[in-house]
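Residue numbers (the working numbering): 11 to 550. Using N, Cα and C, we set each Cβ at its ideal position, and we do this for glycine too. Bear in mind the structure is a predicted one, so any value in this text is a computation, not a measurement. Take a look at the structure below.
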């Protein structure tokens with residue numbers, strides 16, 4: 011599949027331009043030293059309980075250790091966003107004033123209901139109320155604005171921080187981006203480069219788990235804005251374009267998107283139990299949410315991590331994830347039974363290609379745009395490598411802690427191919443890497459559309475996977491000589507063609523599970539053998 015085309019446009023939850031969503035609820039939460047967090051002020055236009063719920067969702071465990079934060083969450087069928095501020099106070103108030111201004115908006119506009127468009131105003135009000143929690147006039151004014159009827163196309167625009175001249179948002183993601191298109195400030199997809207940088211080649215294992223609609227839990231310390239945005243990033247990257255639905259088995263429509271729960275805490279345990287294999291997740295799922303019980307969420311409550319029946323995959327994000335390369339610890343991904351999940355050797359190669367493209371983008375954009383280094387949505391995410399070599403902060407970073415070791419079979423095969431070809435390049439490996447380069451394309455040419463171009467890259471990988479597996483299924487169904495139509499034979503070449511590592515047992519298991527989930531076909535991955543000096547070497 012060519013990197014220059016992508017017929018499957020995918021929504022990224024930005025709505026129409028920068029039109030802010032109308033609020034369903036607005037509330038103020040503050041800390042009372044006698045009773046803890048309380049809802050000090052609230053207004054709502056919907057019959058949804060606020061007390062005893064939103065104060066815990068808006069203020070995750072440990073949030074008092076940071077000065078400010080943004081928290082995304084889901085409350086019933088609404089998206090929530092709260093702006094937290096830790097302000098100074100008297101000794102009587104323990105020298106701190108904890109307040110959060112939060113909102114609920116309908117989920118009808120996407121995973122977060124475009125709530126981020128209200129973030130600047132929420133932050134401003136939270137900062138003011140941290141000085142005087144009784145000065146609620148700005149809240150009253152904000153709520154009165156929401157009660158006024160809106161004429162079509164006359165909704166207020168989001169408050170844009172100074173320094174951003176372009177206000178146009180994207181309604182779809184495609185591989186071909188216009189140079190004047192960009193995501194609005196505070197859009198969670200703006201963190202997607204940071205997401206890739208934090209997880210390295212493990213992004214591909216996370217992608218696989220999300221495509222299999224596993225229950226994925228990120229665990230990390232406050233601030234939580236970054237991990238909430240990582241939840242959004244993974245959900246978007248693992249969405250299946252609706253144009254591919256016709257290739258899948260009937261009844262898989264609910265698998266096209268992974269449910270996003272964002273920040274969860276101890277109070278959400280009953281919900282997570284309902285979303286488990288034995289729960290009744292469909293009964294609480296609004297119409298616009300997938301029926302699949304898979305989800306992705308984040309938490310600061312480590313006690314949830316001890317309840318292994320609540321999740322399938324746990325992702326532990328260390329405190330040092332944003333440290334310099336020499337000091338960085340990589341996230342740990344495990345299954346609920348404690349099995350460590352590692353990236354494949356091909357994942358490392360694909361990430362190295364992606365890493366190099368991001369490095370090229372940073373240097374090409376800084377050379378072409380004199381003020382590129384001052385833009386928050388670029389340098390904060392891309393300023394990882396200060397050297398002139400894209401490999402400077404890459405080599406030797408990935409070891410057996412996060413990457414599958416090279417198997418004896420692979421080493422034997424590589425040695426045989428070198429001997430058989432008199433030291434020439436392995437043509438099989440060359441073809442495989444050419445495919446990976448083609449799917450990635452040249453991201454450095456996308457300028458301000460880089461974030462959306464990255465999403466399109468992952469969607470092309472998904473399309474490559476589905477198209478090739480569909481072709482295998484169709485070919486097997488057309489083969490009248492087949493003795494057993496229920497079991498699909500997948501060869502080593504097939505594994506390579508769909509973007510997997512032919513030497514990875516994890517990739518083999520992924521393909522088998524994916525075929526059953528999306529095509530209702532059981533599969534056997536055929537091994538290949540190499541006879542050398544009387545020794546039969548299993549290739550896969």
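8 Å or more divides the Cβ of residue 361 from the Cβ of residue 460. When the five nearest sequence neighbours on each side are left out, the beta carbons in the same chain lying within less than 6 Å of the beta carbon of residue 202 are those of 243, 461 and 464, in order along the chain.
The alpha-carbon of residue 348 is positioned some 12 Å away from that of residue 319. Apart from the 5 residues on each side of it in sequence, residue 352 sits with its Cβ closer than 7 Å to the Cβ of 412, 413 and 414 in its chain, given in chain order.
The beta carbon of residue 329 sits closer than 7 Å to those of 231, all from its chain and outside the five residues before and after it, given in chain order.
Relative to residue 480, the option among 451, 29, 536 and 528 whose CA is nearest is 528. In this structure the region 25-45 does not lie against the region 234-243, because fewer than three pairs of beta carbons, one per stretch, are closer than 8 Å. DSSP places residue 37 within a strand segment (E or B) once states are collapsed to three.
Under the three-state reduction of DSSP output, residue 58 falls in the coil class, being neither helix nor strand. Contact annotation, residue 483 with residue 536: C-beta distance approximately 16 Å; criterion of less than 8 Å not satisfied. For residue 499, the uninterrupted beta strand (DSSP E) run begins and ends at 497-500, by DSSP. Taking a C-beta distance under 8 Å as the contact criterion, residue 215 and residue 304 do not qualify as a contact pair. DSSP places residue 152 in the helix class (H, G or I) of the three-state scheme. For the region 204-285, the full-length alpha helix (DSSP H) segments reaching 4 residues or more read 212-221, 235-247 and 279-284 along the chain. With distances taken between CA atoms, residue 43 lies nearest to 108 out of 340, 108 and 449. In the three-state scheme derived from DSSP, where H, G and I count as helix and E and B as strand, residue 53 is classed as strand. Excluding five sequence positions before and after residue 311, the CB atoms of its chain that fall closer than 6 Å to its own CB belong to 71, 275 and 276, given in chain order. In this structure, residue 92 keeps its C-beta atom at 8 Å or more from the C-beta atom of residue 76. Non-local C-beta neighbours of residue 533 in its own chain, meaning closer than 6 Å and more than five positions away in sequence, comprise 498, 500, 522 and 525, ordered along the chain. Checking the DSSP bridge columns, you'll see residue 112 partnered with 37 and 92.
Nearest in C-alpha terms to residue 285, of all of 315, 260 and 322, is 322. Annotated three-state conformation of residue 306 is strand, per DSSP. Counted as a single uninterrupted DSSP element, the stretch harbouring residue 532 is not any alpha helix (DSSP H) but the beta strand (DSSP E) occupying residues 532-535.
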